[in-house]
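See structure below.
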Amino acid sequence: VQFDQLFKQSVQYYQDIPQNPLDPPSTFKATLRPYQREGLGWLVAMSKRRLGACLADDMGLGKTIQILAFVDTRVQAGSKAPALIVVPKSLLFNWENEARKFAPHLKVAIYAGQDRSQLLRHINRFNIVLTTYGTVRNDAIQLAKIHFDSCILDESQTIKNANAAAAEAVKIIKADMKIAMTGTPIENSLSELASQLDFLNPGLFGKLLASAKPNQNGQLNERTTTRLKNAVRPFILRRTKKQVASDLPEKTEDIIFCELEPEQRNEYDQLKKYYQKQLLDKEDDKVAGQSTMDTLVALLRLRQAACHPALIDHNRATDNSAKLDLILENILQLSQQNHKILVFSQFTAFLKLVANRLDNLKLTYNYLDGQTIDRQQQVEDFQNNPDSVAFLISLKAGGVGLNLTAADYIFLLDPWWNPATEAQAIDRAYRIGQKNHVFAYKIIAKDTIEEKVLKMQQNKKQLADAILDADNAGAPPKLTREDLLFLLAD
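Structural data, given as structure tokens:
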């Protein structure tokens, strides 16, 4: 009885935390949407009470920009210690790009790689320190000696296993404010909830979680479930797309950068050096005829290497790749929130790799390429089957003529950068009959041919389109030596 009374008093105290909208500092280079201003105000209010907070908005609603606005707010308020932001390796450089875009005045450092120990000596010179779960796991003792202004976990479901080394490592980090970011509602699983709450507010829910014993079927009784949800609700801010629909544009497009895994990076760089030697030794300013075809093949091979090793060597189908890992992470997370996803690629071999992984995960999906016979059946099944979480589509086979309004998330695995073709793919979902807001993402491998052509497309669009058309049947463009130097440069 005494515990219940204390519990009720605590819940009432925490539920009184305001969610007043707050504008970011004038130094911040973005205008927040109304719900993002509310998120910023909530994070600041939680930090003033020295309470950890979980930002659990749907994917695409801008958790990253809210966190960066929060960090900037802390810096402008006089904070001298850096914010430590722990992210999956695949998102490390995406965070760096976002930070430099929205808060270019903040000093950002990446704590990763073989030379990272040098950074520890000067870590307080920075406002933001980006690192990975793996690095924190390996360097937990060194990082625990530093006091950070805030410790922020992106994709915080990574620490759902309380006994895992990564979970134990982040929990010994010292910080004035702790924030978890996830697109997956954490109140769905008691064990996942316990580990993340223990990171945010150590010991606060110890008795409650200890008393919440599931029955033989692994379920909690109704009274315990209600108490648990009431207790954690003040510490979790979750907005779905439907809840903030009035604040959203009908269609949002963005780029996700990913970093190649070390082995994949090494192989990509070796392939690039090979083609540098083969192609850049030529003296002619213009590479013509068969040489031009050789060049296009070389650039195609580099694009394939940026996607997955198996696109070049069929015996490598079981290997991982940065893009494959990233798309699977997103499909898993979004499917848990009952979203449906379109996945486009020019390379059917890449789509089949994704399909194999989805089979292993026992997820239901649809597939369409040029060899698909029951095309309309695949479309109807995806549209009407709630169990089908994703539709894997080759660009040539499904770029036009399909009505796929059941999907509200779209991923373009490999870029082609023909705006008309890209718009056609996105419009498979964004068309009459679509009741939800559509989010479309291009996945770009950082420091590869993809990023080079992304920069190049504005002033040499025809050349970029030809390079990125896997089935280009037209006459190849004229590649100047300057073009090759740019595309193949280190």
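Quick note, this note's numbering runs 614 ahead of the 1-based positions in the sequence shown.
Using N, Cα and C, we set each Cβ at its ideal position, and we do this for glycine too.
Just so you know, these numbers come straight off a predicted model, no measurement behind them.
Item	Value
In the DSSP assignment, find the unbroken alpha helix (DSSP H) run with Ala-969 in it and report its ends.	962-974
Given this structure, state the Cα-to-Cα distance separating Arg-651 from Lys-715, to the nearest angstrom.	18 Å
Between the Cα of Trp-656 and those of Asp-671, Pro-635 and Pro-639, spot the shortest distance and give me the residue it belongs to.	Pro-635
Sorted by chain position, which residues of the same chain lie with C-beta nearer than 6 Å to Asp-1104's C-beta, five sequence neighbours on each side aside?	none
With H, G and I counted as helix, E and B as strand and the rest as coil, what does DSSP make of Ile-1040?	helix
Using only alpha-carbon positions, find the residue among Thr-909, Ala-717, Gln-810 and Ala-969 that is nearest to Asp-686.	Ala-717
Among residues of its own chain, excluding the 5 on either side of Lys-677, which ones have a beta-carbon nearer than 6 Å to its beta-carbon?	Leu-669, Asp-671 and Met-795
Per DSSP, Ile-1118 forms a beta bridge with which residues?	Nothing can be reported for residue 1118: it is not among the residues displayed for the chain, which extend from 615 to 1104.
On a Cα-Cα basis, can you pick out the residue from Leu-705, Thr-909 and Leu-734 that is closest to Gln-756?	Leu-734
Buried or exposed: where does Asn-777 fall if 16 or more other Cβ atoms within 10 Å of its Cβ makes it buried?	exposed
Enumerated in chain order, which unbroken segments of the beta strand (DSSP E) with a length of 3 residues or greater are wholly contained in the segment 922-965?	955-959
Alpha carbon to alpha carbon, how far is Val-1003 from Leu-1099? Give it in angstroms, no decimals.	42 Å
Pairs of beta-carbons, one from the segment 952-967 and one from the segment 907-914, closer than 8 Å: are there three or more?	no
Among Gln-950, Asp-1001, Ala-924 and Phe-996, which one has its Cα closest to the Cα of Val-968?	Ala-924
Please state whether DSSP places Lys-788 in a helix, a strand or coil.	strand
Are the Cβ atoms of Val-784 and Thr-745 separated by less than 7 Å?	no
Does the structure place the segment 933-940 close enough to the segment 974-984 that three or more beta carbon pairs sit under 8 Å?	no
Can you look up Phe-1053 in the DSSP assignment and give me helix, strand or coil?	strand
Would you say Leu-948 and Tyr-1023 are within 7 Å of each other, going by their C-beta atoms?	yes
Tell me, which residues are paired with Tyr-981 by DSSP?	Leu-1006
Cutting at 7 Å between CB atoms, please list the residues of its own chain near Leu-1101, excluding the five before and the five after it.	Leu-913, Ile-1063 and Lys-1066
Secondary structure at Asp-763, three-state DSSP: helix, strand or coil?	strand
Along the chain, which unbroken stretches of the alpha helix (DSSP H) at least 4 residues long are found entirely within the segment 654-711?	677-690
Would you give the residue range spanned by the beta strand (DSSP E) that Leu-1105 belongs to?	Nothing about residue 1105 can be reported from this structure: the residues present for the chain run from 615 to 1104 only.
I need the straight-line Cα distance from Asn-1050 to Leu-1027, nearest angstrom please.	22 Å
Please state if the CB of Val-993 and the CB of Leu-965 are separated by a distance shorter than 7 Å.	no
Are at least three pairs of beta-carbons, each pair with one atom in the segment 874-888 and one in the segment 836-851, less than 8 Å apart?	no
I'd like to check one pair, Gly-653 with Gln-680: are the Cβ atoms closer than 7 Å?	yes
Report yes or no: is there a C-beta of chain C within less than 7 Å of the C-beta of Gln-951?	Among the chains in the structure shown there is no chain C, since it carries only a single protein chain.
Between Ile-955 and Ala-1021, how many whole angstroms is the CB-CB distance? I'm expecting something under 8 Å.	6 Å
Helix, strand or coil for Ile-987? Go by DSSP, reduced to three states.	coil
For Arg-663, tell me which candidate among Arg-971, Thr-798, Asn-929 and Asp-790 has the shortest Cα-Cα distance.	Asp-790
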